[in-house]
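For the protein sequence lines, the chains are W and U, in the order given. Quick note: the first sequence uses my numbering, first residue 1242, plus one each step. Quick note: the second sequence uses my numbering, first residue 1242, plus one each step. Here a beta-carbon is modelled for each residue, glycine too, at the ideal position from N, C-alpha and C. Report on the following structure.
Protein chains: 2
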Amino acid sequence: MRELKVELGERSYPIYIGEGLLQEAAAYFKKHQISLKSPLLIITDEHVAPRYLESLEGNLREAGFTVASAVVPAGESSKSLSMLESLVTKALEAGLDRKSTIVALGGGVVGDLAGFVAASYMRGVKFVQIPTTILAHDSSVGGKVAVNHPLAKNIIGAFHQPEMVLYDLNTLQSLPPRDVSAGLSEVVKHGLIWDAEFTAWCEENADRLLALEPDALGYALYKGCSVKAAVVSKDERENDLRAILNLGHTIGHALEAVAGYGELLHGEAISIGMIGSARLGLRYGAPEDVYTTTKRALSKVGLPVKLPEHFDVDAIMNAMMHDKKFSESTMVFVVPTEIGKVEIKKDVQTAWVREIVEQLKLEA
Amino acid sequence: MRELKVELGERSYPIYIGEGLLQEAAAYFKKHQISLKSPLLIITDEHVAPRYLESLEGNLREAGFTVASAVVPAGESSKSLSMLESLVTKALEAGLDRKSTIVALGGGVVGDLAGFVAASYMRGVKFVQIPTTILAHDSSVGGKVAVNHPLAKNIIGAFHQPEMVLYDLNTLQSLPPRDVSAGLSEVVKHGLIWDAEFTAWCEENADRLLALEPDALGYALYKGCSVKAAVVSKDERENDLRAILNLGHTIGHALEAVAGYGELLHGEAISIGMIGSARLGLRYGAPEDVYTTTKRALSKVGLPVKLPEHFDVDAIMNAMMHDKKFSESTMVFVVPTEIGKVEIKKDVQTAWVREIVEQLKLEA
Ligand SMILES: NC(=O)c1ccc[n+]([C@@H]2O[C@H](COP(=O)([O-])OP(=O)(O)OC[C@H]3O[C@@H](n4cnc5c(N)ncnc54)[C@H](O)[C@@H]3O)[C@@H](O)[C@H]2O)c1
Ligand SMILES: NC(=O)c1ccc[n+]([C@@H]2O[C@H](COP(=O)([O-])OP(=O)(O)OC[C@H]3O[C@@H](n4cnc5c(N)ncnc54)[C@H](O)[C@@H]3O)[C@@H](O)[C@H]2O)c1
Ligand SMILES: [Zn+2]
Ligand SMILES: [Zn+2]
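If you want it as structure tokens, here you go:
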């Protein structure tokens, strides 16, 4: 069992990573003063519920907790205000009060949604995260919670830190392979922005990670969470430093916007985006290995590094220029200067970016 | 011009109370570093917009602010998630970014709604309150913002403190008389829970208040806000002390729940509720004047002190027992022990409360 603490003053909280934590949930809930009197609401999705919900409910009920559950459809479309309204209905019907706790059992979608329910129900109740995807190591640190608006992702939300995060590695065994790789994309990113040694470790242990070996996985998630925690502790409300977490995301978000629904997972899009950032690094004089290592590490964990031919470069550029931080001729990018180190460049030539996006189609 | 500060550490903010502040808004916005670059969104309602929106927009635009406005239907039903979604659409279309400010121009409905938009848009942007009702002196202190759910009022919300509050007494001149009295209900309450001298002042100056004399009104709002600020400063997140603000609200909320829509304004319902609390005080041995002064003060500002005959006492009791803080035989109440002082009693006999509710129909 590994444990790390996200340091945020009064809002600090621990992340527990290990096997079988779902079967020990009640002990952790008690350790963290989750109320036995006020009902809990577990929010999960239809892929996760049949696998893990009964076990969690059973463990909590046996220990004396009052538990209600809500199962939402899997996928991004559940992050909506209308789902928030249904979940509040559920919470009211189950009698949740101000001392109650909302539990997210699932991936980043469930975490973001349940977290916003917790942030806004009665103006804020306690929140526990039980992530069941690799990608959710990212969303379980930092307290960003949100739902989507038809015109914009994650635009309605809050900062709401959990009481604790319980990461049961056993739940990850049922992840579809594509979600495994997509989740590892952010793990690799956390190495690339902060920790060269960890990047090397990811490369060396890529096969064990893809095979979901608990020990490798536990270490990778521990390191990934630690990097994010270090960044977030210094900049909880995303003023400055926190921007480095966006490595690969400027191009990545544009690819997601342009791709047909479901064509690229988030982790896949930012993998391609990180290749673009690495190429940008070269323009700023970074050593060649910034590019080669980035590419090797991402490939090894099964991620795409090449932009599919049919993507329209104009559309991608337009999607990026939508961002008001950018003037017509320059853009802001997180750029690697060496492995484990990035800088925010505010004078990136739009023309360079276009060249690099075109180049991304040619990556071998 | 009067000024007071709500002391909340980093989240402290000033309340300015005076005549003609709407025409000086831009100067205050600049003083408080409201961004000139990022667009503002003013949220108001259809009663307030025709009277004051143009003037505010004009003043801000002249000073170089970029201003968009949204006008919602008047009344409680605008405090909804679907209205939140429309307002976020509006904010996105107007190009609001993370440095933007949401401005509430209106009563408590607009304040609560706009405040929740500000709390959740991009996970929180700045918020300025420009209250135009007397009741809104209450909602402008404490940072509670929320929308309603079909099953419960104010159940989806946040704590989000404004940058400042601009209280322009001139805007209050157009308030319908019933809303004047209803707003004064919370003003009187603030005296009753905290300040005997101010209670006496309210009685003596009731006529000037009802006539909306700016100087009397300015003083009353200043004192009302000060009391609430003092309480909230000590207990921002409603743990304990803040409960004293609920004087009259246990019965009052039940009356609102039982009354036909629109029959009782909130301030009217809690006026009757405060009479009930005063009677409860007598049972706990408070001096007779707790009851007589409460009743005189509320009557003088034009509020009902008698429960209309047709209210069903069983229904009122049921509405109260809904509150899970209550066991079958005892209830929790804010009870005045002398004028300017209250205590939280956790052992109030349900039978007493029923007797008192029945008595409320007999008040002369
Ligand atoms: N809050 C943050 O800081 C933050 C950070 C990164 C991403 N996010 C959000 O996270 C979301 C993406 O997260 P995600 O990739 O975990 O998505 P997800 O929650 O949709 O999970 C991906 C898929 O895996 C399924 N699944 C989850 N756990 C499983 C398991 N153990 N076994 C089998 N199937 C399982 C889900 O049902 C879903 O179909 C996005 O909405 C993104 O905005 C938030
Ligand atoms: N957040 C808090 O701490 C808090 C505290 C108390 C009440 N509230 C909320 O406040 C709301 C009630 O506030 P309210 O009484 O101000 O209601 P309101 O905003 O509905 O205003 C009452 C009526 O007066 C109209 N009006 C407003 N200003 C006017 C003006 N200057 N001239 C003419 N008409 C005007 C409005 O259009 C409305 O019809 C409730 O939703 C309640 O939940 C919140
Ligand atoms: Zn990401
Ligand atoms: Zn009230």
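Task: Helix, strand or coil at Ile1580 of chain W according to DSSP, with G and I counted as helix - done: Assignment of Ile1580 of chain W by DSSP, reduced to helix, strand and coil, places it in the coil class.
Open item on the list: Does Thr1533 of chain U pass the burial test, meaning 16 or more other C-beta atoms within 10 Å, or should it be called exposed?
Closed with: That one is exposed.
Open item on the list: Within 8 Å of any Cβ in chain W, is that where the Cβ of Tyr1254 of chain U sits?
Closed with: In terms of beta-carbon proximity, Tyr1254 of chain U stays away from the interface with chain W, with every pair separated by 8 Å or more.
TODO: Note down the Cα distance separating Glu1298 of chain W from Met1405 of chain W, rounded to an integer number of angstroms.
DONE: Their Cα atoms are separated by approximately 18 Å.
TODO: Please specify which runs of the beta strand (DSSP E), each continuous and at least 3 residues long, are wholly inside the stretch 1539 to 1604 of chain U, giving them in chain order.
DONE: Runs of the beta strand (DSSP E) lying entirely within the stretch 1539 to 1604 of chain U and spanning at least 3 residues, in chain order: 1571 to 1579, 1582 to 1590.
TODO: Would you mind reading off the limits of the alpha helix (DSSP H) that contains Thr1440 of chain W?
DONE: 1437 to 1445 is the extent of the alpha helix (DSSP H) around Thr1440 of chain W.
Task: Min CB distance Val1329 of chain U to chain W below 8 Å - done: By this cut-off, Val1329 of chain U is an interface position.
Task: Residue span of the beta strand (DSSP E) that contains Gly1365 of chain U, given as start and end - done: Neither: Gly1365 of chain U is in no beta strand (DSSP E) and is coded neither H nor E.
TODO: Return helix, strand or coil for Leu1337 of chain U, following the three-state DSSP convention.
DONE: In this structure, DSSP gives Leu1337 of chain U a state outside helix and strand, which the three-state scheme calls coil.
- [ ] Let me know if Leu1410 of chain W comes out buried or exposed under the rule of 16 or more other beta-carbons within 10 Å of its beta-carbon.
- [x] Buried, by the Cβ-count rule.
Open item on the list: Do Ser1276 of chain U and Ser1319 of chain U count as a contact pair if the criterion is CB distance below 8 Å?
Closed with: At the C-beta level, Ser1319 of chain U and Ser1276 of chain U stay beyond 8 Å of one another.
Task: Which listed residue (W:Pro1577, W:His1563, W:Pro1545, W:Lys1586) has its alpha carbon closest to that of Glu1604 of chain W - done: The residue with the shortest Cα to Cα distance from Glu1604 of chain W is W:Pro1545.
Task: Nonlocal neighbours in the same chain, by C-beta distance under 6 Å from Lys1464 of chain U, ignoring five residues either side - done: Within the same chain, Lys1464 of chain U has close Cβ partners Phe1439.
Task: Beta-carbon spacing of Leu1328 of chain W, Leu1301 of chain W below 8 Å - done: Cβ atoms of Leu1328 of chain W and Leu1301 of chain W: not closer than 8 Å.
Task: Distance, Lys1587 of chain W Cα to Asp1481 of chain U Cα - done: Computed Cα separation, rounded: 48 Å.
Open item on the list: Which residue wins for smallest C-alpha separation from Ala1457 of chain W, given the options W:Glu1529, W:Met1515, W:Val1428?
Closed with: That would be W:Val1428, whose Cα lies nearest to the Cα of Ala1457 of chain W.
Task: Whole-angstrom distance between Arg1483 of chain W and Val1472 of chain W, CA atom to CA atom - done: Distance from the CA of Val1472 of chain W to the CA of Arg1483 of chain W, rounded to the nearest whole angstrom, comes to 6 Å.
Open item on the list: Quick check: what's the CA-CA separation for Val1308 of chain U versus Ala1437 of chain W?
Closed with: Those two C-alpha atoms are separated by around 47 Å.
Task: Under 8 Å between C-beta atoms of Gly1356 of chain W and Thr1373 of chain W - done: Using a Cβ distance threshold of 8 Å, Gly1356 of chain W and Thr1373 of chain W do not count as a contacting pair.
Task: Where Asn1559 of chain U falls, given that 16 or more other Cβ within 10 Å makes a residue buried - done: That one is exposed.
Task: Under 8 Å between C-beta atoms of Ile1609 of chain U and Ile1513 of chain U - done: Absent from the structure is residue 1609 of chain U, since the part of chain U shown begins at 1242 and ends at 1605.
Task: Span of the beta strand (DSSP E), counted from its first residue to its last, around Ala1389 of chain W - done: One detail in the question is off: residue 1389 of chain W reads as Asn in this sequence, not Ala. The continuous beta strand (DSSP E) containing Asn1389 of chain W extends over residues 1385 to 1390.
TODO: Starting from the beta carbon of Arg1364 of chain W, find every residue of chain U whose beta carbon is closer than 7 Å, and list them in chain order.
DONE: Among the residues of chain U, those whose CB is under 7 Å from the CB of Arg1364 of chain W are Lys1385, Ala1387, Gly1398, Ala1399, Phe1400, following chain order.
Task: Of the residues U:Asp1555, U:Val1589, U:Cys1466, U:Leu1425, the one placed nearest Ser1446 of chain U, counting alpha carbons only - done: Position check: residue 1446 of chain U holds Asn in this sequence, whereas Ser was assumed. Nearest option by C-alpha distance: U:Leu1425.
Task: Neighbour list for Leu1325 of chain U in chain W, Cβ cutoff strictly below 9 Å - done: By Cβ distance, chain W contributes Leu1322, Ile1397.
Open item on the list: At the level of alpha carbons, what is the spacing between Pro1455 of chain W and Gly1261 of chain W?
Closed with: Between the C-alpha atoms of Pro1455 of chain W and Gly1261 of chain W there is a straight-line separation of about 11 Å.
TODO: Starting from Leu1333 of chain W, find everything on chain U with Cβ-Cβ shorter than 9 Å and list it in chain order.
DONE: Chain order gives the chain U residues near Leu1333 of chain W as His1390, Leu1392, Ala1393, Ile1396, where near means a beta carbon separation below 9 Å.
- [ ] Spell out whether any CB of chain U is found under 8 Å from the CB atom of Ser1568 of chain W.
- [x] Not one chain U Cβ lies under 8 Å of Ser1568 of chain W.
Open item on the list: Quick check: is the beta carbon of Ile1540 of chain U nearer than 8 Å to any beta carbon in chain W?
Closed with: According to the sequence as given, residue 1540 of chain U is Ser; it is not Ile. Chain W contact via Cβ: absent.
TODO: Consider the C-beta atom of Val1575 of chain U and the heavy atoms of ligand 2; say whether any pair is separated by less than 7 Å.
DONE: In terms of side-chain proximity, the C-beta atom of Val1575 of chain U is found no nearer than 7 Å to any non-hydrogen atom of ligand 2.
- [ ] Please name the residue or residues paired with Met1405 of chain U in a DSSP beta bridge.
- [x] As a beta-bridge residue in DSSP terms, Met1405 of chain U pairs with U:Val1369.
- [ ] Taking only heavy atoms of ligand 3 into account, decide whether any of them is closer than 7 Å to the Cβ of Glu1317 of chain W.
- [x] Checking every heavy atom of ligand 3 against the Cβ of Glu1317 of chain W, none is found closer than 7 Å.
- [ ] For my contact list, Arg1524 of chain W and Trp1593 of chain W are in at a C-beta cut-off of 8 Å; report their separation, rounded to the angstrom.
- [x] With 8 Å as the limit, Arg1524 of chain W and Trp1593 of chain W qualify as a contact, their Cβ atoms being about 6 Å apart.
Open item on the list: Taking the beta strand (DSSP E) that Glu1244 of chain U belongs to, which residues open and close that run?
Closed with: Glu1244 of chain U -> beta strand (DSSP E) spans 1243 to 1247.
TODO: Run the CB neighbour count on Leu1392 of chain U, radius 10 Å, all protein chains shown included, and call it buried at 16 or more, exposed below.
DONE: Only exposed fits Leu1392 of chain U, as fewer than 16 other CB atoms lie within 10 angstroms of its CB.
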